[in-house]
Amino acid sequence: MDAGACTMIHGGVMAQDLDLPSGRGPGSRSGEGSLTLRLRAGESLAYEEAVRRFAPRIRALAWRMLGSGEDAEDAAQEVFLRLYRYRRRLDPQRALLPWLYRLTVNVSRTMLKRRRPRRAQPEALPSDTVMNGTARTMEAVDARLTLTAALQRLNPDERAAVVLRDLMGHSTAEVAQALGCREGTIRSRLCRARLKMKDSITGLGEVAP
Amino acid sequence: MRCARYERWAALYVEGDLGTRKSERLEAHLERCERCAATLKALRRSQAVLKETDRIVREDEAREPGPTVAIPPFHACGTGRVFAIEHGRFLLATLAGAAVITILVALHFVLRSGNVPLHRGPRSTIRSAELVRSPVASPIARIAAQPDVVARESSSSRGSVVRPRLSRRLPGSPPAAVRRAEDTKRPPTVVKILTDDPNVVILCIVDS
Chain A
3 MDAGACTMIH
13 GGVMAQDLDL
23 PSGRGPGSRS
33 GEGSLTLRLR
43 AGESLAYEEA
53 VRRFAPRIRA
63 LAWRMLGSGE
73 DAEDAAQEVF
83 LRLYRYRRRL
93 DPQRALLPWL
103 YRLTVNVSRT
113 MLKRRRPRRA
123 QPEALPSDTV
133 MNGTARTMEA
143 VDARLTLTAA
153 LQRLNPDERA
163 AVVLRDLMGH
173 STAEVAQALG
183 CREGTIRSRL
193 CRARLKMKDS
203 ITGLGEVAP
Chain B
272 MRCARYERWA
282 ALYVEGDLGT
292 RKSERLEAHL
302 ERCERCAATL
312 KALRRSQAVL
322 KETDRIVRED
332 EAREPGPTVA
342 IPPFHACGTG
352 RVFAIEHGRF
362 LLATLAGAAV
372 ITILVALHFV
382 LRSGNVPLHR
392 GPRSTIRSAE
402 LVRSPVASPI
412 ARIAAQPDVV
422 ARESSSSRGS
432 VVRPRLSRRL
442 PGSPPAAVRR
452 AEDTKRPPTV
462 VKILTDDPNV
472 VILCIVDS
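Protein sequence lines correspond, in order, to chains A and B. Using the numbering used here, the first residue of the first sequence is number 3, and each one after it goes up by one. Using the numbering used here, the first residue of the second sequence is number 272, and each one after it goes up by one.
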């Protein structure tokens with residue numbers, strides 16, 4: 003790595019990387035504890051590995067929280083900047099990914115609040131940015147629009163719970179750990195969010211595949 | 272129980288988040304409540320649509336070549352132990368600073384203990400100095416050598432001609448002949464200091 007240069011790492015997202023089978027927690031992946039230790043020790047290669055490993059998931063969560071590719075990139079940058087800044091606070095006994103998820107949700111929530119003065123609907127997802135994304139096919143464009151419209155009616159807490167539980171496949175306990183609240187709270191948010199999305203998706207006239 | 276609660280349970284039941292006992296009660300209710308059954312069906316459909324759209328979006332994201340995450344700039348380091356080296360540099364700088372401070376303090380005490388004046392005053396005003404050992408060579412020395420007169424260095428002689436204060440011999444002092452003999456043995460040393468001003472000459476009597 004060149005000194006003083008800002009190295010860009012391309013995070014190719016594989017679909018299977020976003021799925022975690024149930025029963026495997028975000029922090030139960032092999033080598034994550036040693037990665038945390040190496041991050042604490044200050045290895046730059048460990049930081050690169052963390053970015054390569056977690057950036058797709060962080061970016062995916064940020065996109066679903068913010069609905070904008072550019073904002074998701076900014077959020078991911080902020081998350082990994084905080085990982086670098088607070089690397090000494092990492093606890094090797096605890097999983098790294100839930101902490102990154104919580105950072106991502108907090109950063110996304112802050113970015114949504116910043117939109118408040120210039121947007122009529124505070125936590126609304128910007129639907130125009132969907133078309134500015136990199137959707138390859140009309141099917142992808144339509145899927146992004148549908149997903150954005152479904153998540154748009156949720157507040158950030160409900161959105162984070164739905165994305166982590168229903169879209170990224172984590173268990174309720176893992177979501178509660180990642181978001182720092184009780185499982186009952188997560189269930190309440192999931193309940194409200196699913197009922198809201200039922201109405202919104204029904205209103206869109208979507209047909210089940 | 273009203274159907275609103277069963278709707279909330281159905282929202283959890285659809286993804287398996289409902290407990291076993293509540294699930295059994297909900298299933299029993301669904302058999303006799305078409306409205307709640309329709310709600311559960313709509314929930315399943317919306318969840319399926321959501322997951323299917325998310326799958327398509329993920330596949331689209333997987334084809335994206337561009338998304339990048341910038342790594343903060345690190346210092347060049349072949350071993351990758353960047354922060355260890357940063358700590359090492361910090362430690363070296365701290366040790367170097369402590370060593371410099373220790374040397375300065377030690378030098379200060381050495382100079383103080385060796386009676387080496389740390390401050391000599393305005394150097395530019397003193398051009399040269401000469402020692403006069405002969406009592407005859409200096410008029411002040413001659414005054415000091417006189418019998419019943421004791422020459423004292425005046426404290427107000429700075430920057431002007433030395434004017435020694437004269438006083439009579441004290442009652443307890445030795446006789447004049449004895450003091451004259453001592454003065455003859457050890458003549459006082461007179462230091463003549465030339466300054467930048469040619470009209471100003473400093474004469475100092477150094478008592479042995």
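In this text, a Cβ means the ideal position worked out from N, Cα and C, and glycines have one as well. Every value quoted in this text rests on a predicted model; they were computed, and no experiment measured them.
Tell me which same chain residues have a C-beta within less than 8 Å of the C-beta of residue i, skipping the five on either side of it?
i, result
"E286 (chain B)", "Q318"
"C480 (chain B)", "Absent from the model: residue 480 (chain B). The displayed extent of chain B is 272 to 479, so no value can be given."
"L378 (chain B)", "none"
"M140 (chain A)", "none"
"T291 (chain B)", "none"
Rounded to a whole number of angstroms, what is the C-alpha to C-alpha distance between residue i and residue j?
i, j, result
"A195 (chain A)", "E160 (chain A)", "6 Å"
"T150 (chain A)", "L362 (chain B)", "52 Å"
"I473 (chain B)", "D467 (chain B)", "11 Å"
"A64 (chain A)", "M199 (chain A)", "19 Å"
"A282 (chain B)", "Y86 (chain A)", "39 Å"
"Y49 (chain A)", "A364 (chain B)", "27 Å"
"A97 (chain A)", "V381 (chain B)", "59 Å"
"R383 (chain B)", "T373 (chain B)", "15 Å"
"A78 (chain A)", "V164 (chain A)", "19 Å"
"L102 (chain A)", "A370 (chain B)", "44 Å"
"L68 (chain A)", "R55 (chain A)", "21 Å"
"R316 (chain B)", "E323 (chain B)", "10 Å"
"S46 (chain A)", "D144 (chain A)", "40 Å"
"P459 (chain B)", "A367 (chain B)", "50 Å"
"S190 (chain A)", "Y284 (chain B)", "13 Å"
"G44 (chain A)", "Y88 (chain A)", "11 Å"
"A57 (chain A)", "R117 (chain A)", "24 Å"
"V72 (chain A)", "L311 (chain B)", "Residue identity check: residue 72 (chain A) is Glu in the sequence provided, not Val. For E72 (chain A) and L311 (chain B), the distance between alpha carbons rounds to 36 Å."
"R66 (chain A)", "D76 (chain A)", "13 Å"
"V477 (chain B)", "V376 (chain B)", "32 Å"
"E330 (chain B)", "E295 (chain B)", "37 Å"
Below 7 Å CB to CB, which residues in the same chain sit around residue i once its five sequence neighbours on both sides are set aside?
i, result
"A175 (chain A)", "E185"
"R1 (chain A)", "With chain A covering 3 to 211 only, the question about residue 1 (chain A) has no answer from this structure."
"V177 (chain A)", "A163, L166, R167 and I188"
"C307 (chain B)", "C274, Y277, E278, A281, H300 and L301"
"K293 (chain B)", "W280"
"E51 (chain A)", "L37"
So, are the CB atoms of residue i and residue j less than 8 Å apart?
i, j, result
"R146 (chain A)", "R90 (chain A)", "no"
"Q158 (chain A)", "L114 (chain A)", "Note that residue 158 (chain A) corresponds to Pro in the displayed sequence, not to Gln. Yes."
"A74 (chain A)", "R61 (chain A)", "yes"
"A309 (chain B)", "T204 (chain A)", "no"
"V81 (chain A)", "A162 (chain A)", "no"
"A180 (chain A)", "L166 (chain A)", "yes"
"L289 (chain B)", "L301 (chain B)", "no"
"T187 (chain A)", "V320 (chain B)", "no"
"S110 (chain A)", "R155 (chain A)", "no"
"R279 (chain B)", "C193 (chain A)", "yes"
"D325 (chain B)", "L169 (chain A)", "yes"
"A142 (chain A)", "I327 (chain B)", "yes"
Using a Cβ-Cβ cut-off of 8 Å, state whether residue i counts as contacting chain C.
i, result
"C193 (chain A)", "In the structure shown, chain C does not exist; the protein chains are A and B."
What residues in its chain sit with their C-beta under 6 Å from that of residue i, if we drop five residues either side in the sequence?
i, result
"C475 (chain B)", "V462"
"C183 (chain A)", "none"
Give the DSSP bridge partners of residue i, in chain order.
i, result
"T174 (chain A)", "Note: T174 (chain A) sits in no beta bridge, so no partner."
"V477 (chain B)", "B:T460"
Report yes if the C-beta of residue i is less than 7 Å from at least one heavy atom of the ligand MG; otherwise report no.
i, result
"K312 (chain B)", "Although the ligand MG was asked about, the structure shown includes no ligands whatsoever."
Problem set entry | Interfacial residues, the region 320 to 333 of chain B to chain A, with Cβ spacing under 9 Å | V320, L321, K322, E323, T324, D325, R326, I327, V328, R329, E330, D331, E332 and A333
For this session: Check each residue of the region 84 to 106 of chain A: if its Cβ is closer than 8 Å to any Cβ of chain B, include it; give the result in chain order.
Result: The region 84 to 106 of chain A vs chain B, Cβ under 8 Å: Y86.
Exercise. Listed from N- to C-terminal order along the chain, which residues in the region 299 to 316 of chain B have their beta-carbon within a distance smaller than 7 Å of any beta-carbon of chain A?
Worked result: Taking 7 Å as the Cβ-Cβ cut-off against chain A, the residues of the region 299 to 316 of chain B that qualify are A313, L314 and R316.
Exercise. Closer than 7 Å, Cβ to any Cβ of chain B: which residues of the region 146 to 158 of chain A, in chain order?
Worked result: Those would be R146, T148, L149 and A152, in chain order.
Exercise. Mind listing which residues of the region 374 to 386 of chain B have their C-beta closer than 7 Å to chain A's C-betas, in chain order?
Worked result: none
Problem set entry | Under 7 Å (Cβ pairs) to chain B, residues found in the region 52 to 67 of chain A | V53, A57, R61 and A62
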